[in-house]
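Written below as structure tokens is the structure these notes are about.
There are 2 protein chains.
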Amino acid sequence: MFLHFRKQFPQLDPYWDKYLPLQQRLEVPAKTILLKEGQVSQNYISIEQGCVRAYFDKDGDEKTIQFFFENAGFSLFDSFVNEVPSQFTIETIEPSVVYLLARAHVLLLIDDLSQEPSFMQMILKITAERHRRFNNELISFIRDTPEERYLRLLSERPHIIRRVPQHYIASYLGVSTVHLSRIKGKLARGADHF
Amino acid sequence: MFLHFRKQFPQLDPYWDKYLPLQQRLEVPAKTILLKEGQVSQNYISIEQGCVRAYFDKDGDEKTIQFFFENAGFSLFDSFVNEVPSQFTIETIEPSVVYLLARAHVLLLIDDLSQEPSFMQMILKITAERHRRFNNELISFIRDTPEERYLRLLSERPHIIRRVPQHYIASYLGVSTVHLSRIKGKLARGADHF
DNA sequence: CTGATTTGATAACATATGTTATCGCCGACC
DNA sequence: GGTCGGCGATAACATATGTTATCAAATCAG
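Dropping the structure here:
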């Protein structure tokens, strides 16, 4: 739980530890929906093993916006605390092992933490990071062609391409599966032909 | 200065007031660049009168990502404080009156403010709002066609369409000026024809 | 092992969008 | 008033991308 935070703010370890036993372990097959678009998350979810994606529905087809792997967690504080309905559906891509920490416990945890001066610091750091990530994603969508986005993904986060089925990648890049195939084909031909 | 914040956090008024006289008033014509992409902002900028846009360059053409009008301010704290180079160019669209508060003064102001408990609250609120705005923009880019984005802009922020030259709107919507004309033409024909 | 499902490639065609060029309108300026 | 430049509409053509259909390979379930 909260492994991502632990690395950066080890002084908060005792707080997490107290809540570790309260988590619920869950083994689920691929294509399990952990949280549905429009619903309020009742748990903080962290991934011990496997891989999930966040997507939303547009007239029947799914637009993937993010992938998560081992040791990632979501339901970030603000939307979680304020009970804002999720804009995204969270679904496993592979058979996965996840841990759930009930909302009530998370609220207690936050209560504990708010005594700690570095807590605010952590929140600010996390929100700033997340903002930067989404901002870069937006800029990339505006600036780059699908082919450029594919190449960028290939060079910056190749593990995603290796691990995630291609139609999810296509959805993430904002193109049809057919077009992503075309892009790959074109790149392959361009690369070795001459 | 900081009018946007004042409405929401009136208890901080005395802090702003102290720095009001230190601002520099600036009258500038249209198409004046206030901050260049890649440079570190040396001032907190607020707009008293007029209208500006933020854009970045992609292979010679400009991608507009946001518009600002009277009583808005930018150079939000994190990027400002940490001296991160701006990803965007800030340019006036109309002849405008802007106020600049030098970076050094802003740092002093933040120092003052950090005594105040509601300051953190304000930062969190502002960053959350900004994150929501960018997030919605990203989702709209992924989900909506250019025509849908135009209609959304028309219904949600018609003042922008009324006030801003159309080629900037096209750039903001992510299409060519020609295509935006086509969209408008199609909508107009569709509306009154039958 | 075998049939069913998933995944990815490819072709053919349809639609959306970009590019370039041209024209007309209108407001700024002399 | 006349000229010039910025702005927006439109047409013609080029390119990018979506859609549907088909096939083959890989994977999974019984």
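Residue numbers (the numbering used here), protein chains in the order written: chain A, 5 to 198; chain B, 5 to 198.
Backbone N, C-alpha and C define an ideal beta-carbon position, used for all residues, glycine too.
If you're wondering where the values come from, they're calculated on a predicted model, not measured in any experiment.
With 16 other Cβ atoms within 10 Å as the buried cut-off, status of residue i
i                 : result
ILE187 of chain B : buried
ASN140 of chain B : exposed
HIS202 of chain B : Outside the modelled stretch of chain B, which goes from 5 to 198, sits residue 202 of chain B, for which no answer is possible.
THR149 of chain A : exposed
GLN27 of chain B  : buried
GLY189 of chain A : exposed
VAL110 of chain A : buried
ALA108 of chain B : exposed
ARG193 of chain B : exposed
ARG57 of chain B  : buried
SER245 of chain B : Here chain B covers residues 5 to 198 and nothing more, so residue 245 of chain B does not appear.
LEU191 of chain A : exposed
SER159 of chain A : exposed
LYS22 of chain B  : exposed
LEU184 of chain A : buried
LEU142 of chain B : buried
LEU24 of chain B  : exposed
ASP196 of chain B : Only weak support is given to the placement of ASP196 of chain B: the predicted model assigns it a pLDDT of 47, under 50, and the value that follows is read from those uncertain coordinates. Its Cβ having fewer than 16 others within 10 Å, ASP196 of chain B is exposed.
PHE198 of chain B : With a pLDDT of only 44 at PHE198 of chain B, under 50, the local geometry of the prediction cannot be trusted, and the value read off the model is given with reservation. PHE198 of chain B should be labelled exposed.
According to DSSP, residues forming a beta bridge with residue i
i                : result
GLN28 of chain B : B:LEU104
GLU66 of chain B : B:ASP61
LEU39 of chain B : B:ILE94
GLY77 of chain A : A:SER50
PHE9 of chain A  : Note: PHE9 of chain A sits in no beta bridge, so no partner.
PHE84 of chain B : For PHE84 of chain B, which the question treats as bridged, DSSP gives no partner whatsoever.
PHE71 of chain B : B:ARG57
Cβ-heavy atom distance, residue i to the ligand HEM, below 7 Å
i                 : result
TYR172 of chain B : The ligand HEM is not among the ligands present in this structure, which contains no ligands whatsoever.
Collapsed DSSP secondary structure at residue i in the structure displayed
i                 : result
ALA132 of chain A : helix
LYS188 of chain B : helix
ILE173 of chain B : helix
VAL168 of chain A : coil
GLU52 of chain A  : strand
ASN139 of chain A : helix
ARG161 of chain A : coil
ASP148 of chain B : coil
PRO210 of chain A : Since the first residue of chain A shown is 5 and the last is 198, residue 210 of chain A is not available in this structure.
GLN119 of chain B : coil
PRO14 of chain B  : helix
VAL179 of chain B : coil
VAL44 of chain B  : coil
Beta-carbon separation (whole angstroms), residue i vs residue j, contact threshold 8 Å
i                 : j                 : result
GLY77 of chain B  : TYR48 of chain B  : 6 Å
VAL101 of chain A : GLY54 of chain A  : 6 Å
PRO99 of chain A  : VAL182 of chain A : Not a contact, Cβ separation roughly 28 Å.
GLU95 of chain A  : ILE37 of chain A  : 5 Å
PHE92 of chain A  : GLU41 of chain A  : 6 Å
TYR103 of chain B : ARG161 of chain B : Not confirmed; about 24 Å, so no contact.
ASP116 of chain B : TYR19 of chain B  : 5 Å
ILE146 of chain A : PHE138 of chain B : Not quite, the Cβ-Cβ distance comes to about 12 Å (not below 8 Å), so this is no contact.
TYR172 of chain B : ILE97 of chain B  : 7 Å
LEU16 of chain A  : MET126 of chain A : 7 Å
ASN4 of chain A   : HIS163 of chain A : In the structure as shown, chain A begins at 5 and stops at 198. Residue 4 of chain A is therefore absent and cannot be evaluated.
Does the stretch 106-122 of chain B come close enough to the stretch 118-136 of chain A that 3 or more CB-CB pairs lie under 8 Å?
no
For the stretch 34-53 of chain A against the stretch 149-164 of chain A, are there 3 or more C-beta pairs whose distance is under 8 Å?
no
Does the stretch 57-72 of chain A come within contact of the stretch 162-172 of chain A, defined as at least 3 CB pairs closer than 8 Å?
yes
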